[in-house]
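Contents: one structure, followed by commentary.
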Amino acid sequence: AHVPALLRTMPKAELHMHIEGSLEPELIFALAQRNGVTLPYASVEALRAAYAFTDLQSFLDIYYAGASVLLQEVDFYDMAMAYLARAAADHVVRTEIFFDPQTHTERGVPMATVIHGLSRACKDAEARWGISAVLILSFLRHLSEEAAFETLEAALPYREHFVGIGLDSSERGNPPEKFERVFARCKALGLHLVAHAGEEGPPAYVWGALNALQVERIDHGVQSEQDPELMRHLAATRMPLTVCPLSNQKLCVFPDLRDHNLPRLLAAGLNVTVNSDDPAYFGGYVNDNYLQLFAATGMGAVQAYQLARNSLEATFASPAQQAAWV
Ligand code: ADE
Ligand code: ZN
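In terms of the numbering used here, the sequence shown is residues 1 to 326.
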């Protein structure tokens with residue numbers, strides 16, 4: 001019983017969560033009512049019943065539909081505050097939050113509305129709960145390189161409100177190389193770089209994220225296990241992998257958590273971390289991910305400390321700020 005208590009209370013960082021994926025069905029309905037949006041679901045229960053996914057795309061279709069209720073700055077603020085309260089309760093001392101501006105700007109929501117709502121929540125949460133929270137702007141990879149460049153231009157007036165950029169959405173058929181030039185531009189601007197790779201896609205996409213995009217962390221990366229040379233490279237460079245166990249289970253990457261490869265990745269010397277991805281859709285926040293993964297795989301206190309330390313060391317916080325946690 002002491003390992004679950006350790007998992008719950010140990011200080012940790014969350015490095016892979018999409019704020020739009022924290023929208024609980026109850027909040028989706030409340031925001032729909034507030035904004036006069038009609039949903040194609042009769043009730044909270046009917047919406048939650050639709051959360052039966054077979055792969056990444058089957059999830060993304062429902063996730064983008066849920067985000068359609070976000071219209072006003074206060075909607076983004078309320079969504080982020082609800083997540084940050086949960087994260088603080090889970091002893092998250094630092095969170096680096098993805099947001100998908102194109103999901104909103106394509107519906108006519110101004111970039112300023114999105115960023116100001118989220119950024120104000122990060123500041124208020126820090127003041128209220130002491131949690132350090134920053135934003136990472138994520139490009140949608142099913143859209144074009146040109147759309148990513150336009151999104152970057154639209155966001156640059158708010159440059160001080162985000163620390164880095166990421167790449168998410170439909171992985172298969174959208175290799176990292178498609179965004180090589182926009183990532184190079186972001187690097188020149190001094191932004192931190194991360195990308196989803198090897199969630200459903202092949203090891204070649206992880207190599208592409210490392211070599212073509214020059215990322216500092218790989219989001220997911222679990223398919224790296226298929227390539228021994230890549231495994232050696234990731235271990236030798238201590239490249240952080242932000243792994244999301246409940247996401248992988250619900251999207252049928254590892255349908256049974258007992259088969260999840262995180263214990264093997266950790267044993268092979270990879271710098272893995274545990275994260276929630278889209279907690280409202282996948283059945284749990286970050287502590288639920290630790291608790292269910294440890295219950296299923298039998299890992300213990302040694303792995304718990306290692307995972308927490310990995311998460312704190314893989315943040316984009318300044319060394320001075322990190323010194324407060326490590
Ligand atoms: N957007 C939100 N969650 C995602 C995931 N797990 N993979 C790719 N894009 C996402
Ligand atoms: Zn993700």
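C-beta atoms are modelled at their ideal positions from N, C-alpha and C, and glycine is treated no differently.
Asked, Found
"Nearest to residue 187 (by Cα), restricted to the options 165, 259 and 317", "165"
"Whole-angstrom C-beta distance between residue 226 and residue 201, which should lie under 8 angstroms", "The Cβ separation is near 11 angstroms, so there is no contact."
"Environment of residue 176 [buried if 16+ CB atoms lie within 10 Å]", "buried"
"Residues proximal to ligand 2 by C-beta, any heavy atom closer than 6 angstroms", "16, 18, 168, 196, 219 and 277"
"When 322, 119, 125 and 174 are compared against residue 160, the one with the closest alpha-carbon", "119"
"Chain-order list of residues whose beta-carbon lies under 6 angstroms from that of residue 39 (same chain, five-residue window excluded)", "32"
"Any beta strand (DSSP E) of 3 or more consecutive residues that is wholly inside the segment 135 to 202", "164 to 168 and 192 to 197"
"7 angstroms Cβ shell around residue 83 - same chain, five flanking residues per side excluded", "19 and 22"
"Buried/exposed call for residue 78, threshold 16 Cβ in 10 Å", "buried"
"Presumed contact (8 angstroms Cβ cut-off) between residue 240 and residue 314, rounded CB distance", "4 angstroms"
"Proximity test, residue 247 beta-carbon vs ligand 1 heavy atom, cut-off 6 angstroms", "yes"
"C-beta atoms of residue 4 and residue 291 nearer than 7 angstroms", "yes"
"Buried or exposed by the 16-neighbour rule on C-beta atoms within 10 Å, applied to residue 250", "buried"
"Residue from 262, 132 and 111 whose Cα sits closest to the Cα of residue 95", "132"
"Contacts around residue 193, its chain only, beta-carbon distance under 7 angstroms, and the 5 residues preceding and following it disregarded", "164, 165, 183, 186, 187, 213, 214, 215 and 216"
"Where residue 105 sits in the DSSP three-state scheme", "helix"
"Buried/exposed call for residue 228, threshold 16 Cβ in 10 Å", "exposed"
"Buried or exposed (CB count within 10 angstroms, at least 16 for buried), residue 123", "exposed"
"Check whether residue 285 and residue 34 have beta carbons under 7 angstroms apart", "no"
"Rounded separation between residue 48 and residue 325 - CA only", "37 angstroms"
"Contact the segment 229 to 236 vs the segment 248 to 263: 3+ CB pairs below 8 angstroms", "no"
"Straight-line Cα distance separating residue 92 from residue 16", "12 angstroms"
"DSSP beta-bridge partners of residue 241", "218 and 272"
"Start and end residues, beta strand (DSSP E) containing residue 13", "12 to 18"
"Reduced DSSP secondary structure (H/G/I, E/B, other) of residue 96", "strand"
"Residue 190 to residue 158 span [Cα, whole Å]", "14 angstroms"
"C-beta atoms of residue 235 and residue 270 nearer than 7 angstroms", "yes"
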